[in-house]
Amino acid sequence: MRKIVLAIASLTLVSGLVAAQDRNSEHAKKTLEIYTHIIGVETSKGLGNVPKVANYLAGELVAAGFPKEDVEVLPNGETASLIARYRGDDSSGKAPILLLGHMDVVEARPEDWERPPFELTKDDAYFYARGTIDNKFGVAQLTSTFIRLMKEGFVPNRDLILVFSGDEESGMVTTRQLAYEREDLAEAEFALNSDAGGGDLSEEGKALVYRIQAAEKTYVTWEMTVRNPGGHSSRPRPDNAIYDLANAISKIQAYQFPVRWNPMTLEFFQVTGEQMGGELGDAMMRFAKNPEDKTASDRLAVESSYVGTTRTTCVVTMLRAGHAENALPQSATATVNCRVFAGDPAADVLQALQQVVGNEAVEFEEIYEPVESPVSELREDVRAAISEAVQGRYPGVRMIAYMESGGTDGMYFRRAGIPTWAAGGIFMNPDEMFAHGLNERVPIKTFYDALDHWSIIIRELAGD
Numbered sequence: 268m269r270k271i272v273l274a275i276a277s278l279t280l281v282s283g284l285v286a287a288q289d290r291n292s293e294h295a296k297k298t299l300e301i302y303t304h305i306i307g308v309e310t311s312k313g314l315g316n317v318p319k320v321a322n323y324l325a326g327e328l329v330a331a332g333f334p335k336e337d338v339e340v341l342p343n344g345e346t347a348s349l350i351a352r353y354r355g356d357d358s359s360g361k362a363p364i365l366l367l368g369h370m371d372v373v374e375a376r377p378e379d380w381e382r383p384p385f386e387l388t389k390d391d392a393y394f395y396a397r398g399t400i401d402n403k404f405g406v407a408q409l410t411s412t413f414i415r416l417m418k419e420g421f422v423p424n425r426d427l428i429l430v431f432s433g434d435e436e437s438g439m440v441t442t443r444q445l446a447y448e449r450e451d452l453a454e455a456e457f458a459l460n461s462d463a464g465g466g467d468l469s470e471e472g473k474a475l476v477y478r479i480q481a482a483e484k485t486y487v488t489w490e491m492t493v494r495n496p497g498g499h500s501s502r503p504r505p506d507n508a509i510y511d512l513a514n515a516i517s518k519i520q521a522y523q524f525p526v527r528w529n530p531m532t533l534e535f536f537q538v539t540g541e542q543m544g545g546e547l548g549d550a551m552m553r554f555a556k557n558p559e560d561k562t563a564s565d566r567l568a569v570e571s572s573y574v575g576t577t578r579t580t581c582v583v584t585m586l587r588a589g590h591a592e593n594a595l596p597q598s599a600t601a602t603v604n605c606r607v608f609a610g611d612p613a614a615d616v617l618q619a620l621q622q623v624v625g626n627e628a629v630e631f632e633e634i635y636e637p638v639e640s641p642v643s644e645l646r647e648d649v650r651a652a653i654s655e656a657v658q659g660r661y662p663g664v665r666m667i668a669y670m671e672s673g674g675t676d677g678m679y680f681r682r683a684g685i686p687t688w689a690a691g692g693i694f695m696n697p698d699e700m701f702a703h704g705l706n707e708r709v710p711i712k713t714f715y716d717a718l719d720h721w722s723i724i725i726r727e728l729a730g731d
């Protein structure tokens, strides 16, 4: 019996690796086709193009055999959501699993990019375009996996539901609609999100750790404004809205929020530090051992990939000021975006910013209501299913839960009472993560290696 089990395990591992490496398979071609098409549609806010992607994906699912009544496009203003139900036989008696992603992307200015941002291009190592990582990678892989499983005749033992939002990168109106207003989705046992999680690789390509997102920092934005009577530019006055705002910005730039930690973040740094080694890895392990070690926290503070895991961060992201080149500014406004450590009230962050600025004339206006969401404690069955997919690619890689520095749709589903874990299929060097930035890219190897990722997880959680 033991020999049979070992043989089956070996066969599963080998077949998974072979499938991931077969770039000419029907599944590989379909995934790339979907990926190429949806990247080619610019789905930044305000353009009204998200429904084009939603309808395209819906058409692909229906063509693969999904009943039309199980594939729904939900218009919402200029954007839309997509819900697609893969019906199971209910043999498990368990509630559905939601599989999350978002179809919109952050804006990209073509004149700033080295390559066209809304056309999938490649070199010997990478695919390039806006959305190659965030999150059209996940959307394409999940959609193609549903198509693959349907064509293979797979019947899940519970319902599986694709849930793709249409404005995760802006107002998250569709996200709130999906999480709070759909009773059919509220029945889910849990959700798996394609928009975060994944593996970290060293510069040499060594797998350091696989991260399962179990919590998110709170996303909150304030507009910081200074007002002034203004006047003629030939008659400067001591107080100037732009100068006063610049002074406030400089104070925020120089301020560091206190170091924060929890058992999950300390484990993250311990495991990652052990795998990474070197001077940075040593700092991680020292922080894990003693988060009050200032030399360790200061070292991590200069690492954009890791600073958010050590504290709340606030950064100025946009400016607007003045009304004419020959007039003193009557107002100046800076947008301050904050990512608040899980469990800390956003109101405390506002109070800290006001104290740092130290000028009662500076107004703070909250732009979005902050969404403070709980931690989803990682379940063993979910961890085991994700491990099955990950270990086939990088045997022996350590797996840990972590807190996301950014924000995803998962925060709303957690707040709605649906435990949510993000377990994306991307493995890459975190220093090469250019999501939201110039020349966003993903390793071609990662794209093809991830082809089996979701099918393995789904079969483990909803198969016989």
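Residues 268 to 731 (my numbering) are what the sequence shown spells out, left to right. Just so it is clear, CB atoms sit at the ideal spot from N, CA and C, and this is done for glycine as well. This one's a predicted model, so the numbers in the text were calculated from it and none came from an experiment.
> Is the region 630-645 in contact with the region 480-494, if contact means three or more CB pairs nearer than 8 angstroms?
Replying inline: yes
In terms of alpha-carbon separation, which member of GLY684, PHE714, PRO662 lies closest to LYS473?
-> PRO662
Practice task
Pull up the distance between the alpha-carbon of LEU533 and that of TYR302, whole angstroms please.
Solution key: 36 angstroms
List the whole-angstrom C-beta distance separating GLN408 from GLY677, where the pair is believed to meet the contact cut-off of C-beta under 8 angstroms. Between GLY677 and GLN408 the Cβ distance is about 17 angstroms, and since that is not below 8 angstroms, they are no contact.
Going along the chain, which unbroken runs of the beta strand (DSSP E) with 3 or more residues stay wholly within the region 449-501? 457-460, 465-468, 474-483, 485-494
**Q.** Whole-angstrom C-beta distance between LEU718 and ALA295, which should lie under 8 angstroms
**A.** 6 angstroms
Quick one: what's got a C-beta closer than 7 angstroms to VAL422's C-beta in the same chain, skipping five residues either side?
GLY355, ASP356
Legend entry - VAL569 versus ASN604, VAL583, MET551, residue with shortest Cα-Cα distance: MET551
For VAL308, does the three-state DSSP call read helix, strand or coil? coil
- Query: What's the C-alpha gap between PHE404 and ALA601?
  - Reply: 32 angstroms
**Item:** Unbroken stretches of the beta strand (DSSP E), 3 residues or longer, contained in the region 595-661
**Value:** 598-607, 630-633
Worksheet item: For ILE400, which three-state DSSP category applies?
Response: coil
Practice task
State the Cα-Cα distance for the pair MET439 and ASN402, rounded to the nearest angstrom.
Solution key: 14 angstroms
Mapping DSSP to helix, strand and coil, what is TRP721? helix
task: Report yes if the CB atom of ALA321 is closer than 8 angstroms to the CB atom of ALA347, and no otherwise.
output: yes
task = Reducing DSSP to helix, strand and coil, say where SER517 ends up.
result = helix
Going straight from the alpha carbon of GLY360 to that of SER640, what length do you get? 28 angstroms
- Item | CB-CB length for SER643 against ALA453, believed under 8 angstroms | So it is not a contact: roughly 16 angstroms between Cβ atoms.
**Asked** What does DSSP give as the partner residues of LEU365 in its beta bridges?
**Response** ILE428, ALA458
Based on the DSSP secondary-structure assignment, which residues constitute the bridge partners of PHE333?
Looking at the DSSP assignment, PHE333 forms no beta bridge with any residue, so it has no partner.
| message | Starting from LEU547, trace the alpha helix (DSSP H) in both directions and tell me its first and last residue. | response | 545-556
Distance between beta carbons of PRO363 and ILE428, contact taken as under 8 angstroms
5 angstroms
Handout entry: Proximal residues to MET268 (C-beta, below 7 angstroms), its chain only, five neighbours per side dropped
Key = With a pLDDT of 39 at MET268, under the threshold of 50, the modelled position of that residue is not reliable, and the figure given next carries that caveat. Around MET268: no qualifying Cβ.
Rounded Cβ spacing between LEU445 and MET543 (contact assumed at less than 8 angstroms): Incorrect: roughly 37 angstroms between the Cβ atoms, too far for contact.
Using a threshold of 8 angstroms, state whether the C-beta atoms of ALA244 and THR675 are closer than that. Lying outside 268 to 731, the shown extent of the chain, residue 244 is not represented and no answer is given.
Discussion item. If you reduce the DSSP assignment to three classes, tell me which class ALA729 lands in.
Written reply: helix
Measure from the alpha carbon of GLU436 to the alpha carbon of each residue in PHE385, SER501, PHE694, GLY368, then state which is nearest. GLY368
(request) Give a yes or no on contact between the region 575-587 and the region 644-655, applying the rule of three or more CB pairs nearer than 8 angstroms. (result) no
- Find out if the Cβ-Cβ distance for the pair GLU345, GLY307 is shorter than 8 angstroms. no
Margin query: By the three-class DSSP mapping on this structure, what secondary structure does VAL583 have?
Written below: strand
#### Entry: Separation of LEU459 from GLY691, as counted between CA atoms
9 angstroms
Range of the contiguous beta strand (DSSP E) that encloses ARG708
708-710
Exercise. Give a yes or no on contact between the region 507-514 and the region 587-607, applying the rule of three or more CB pairs nearer than 8 angstroms.
Key: yes
When you compare only the Cα positions, how much space is there between ASP390 and ASP467?
22 angstroms
Next item on the list: Could you tell me the distance, in whole angstroms, from the CA atom of HIS499 to the CA atom of ALA594?
Entry: 5 angstroms
Check: Got a sec? Which residues, its chain only, sit under 8 angstroms from MET585 by beta carbon, not counting five neighbours each side?
Finding: ALA601, THR602
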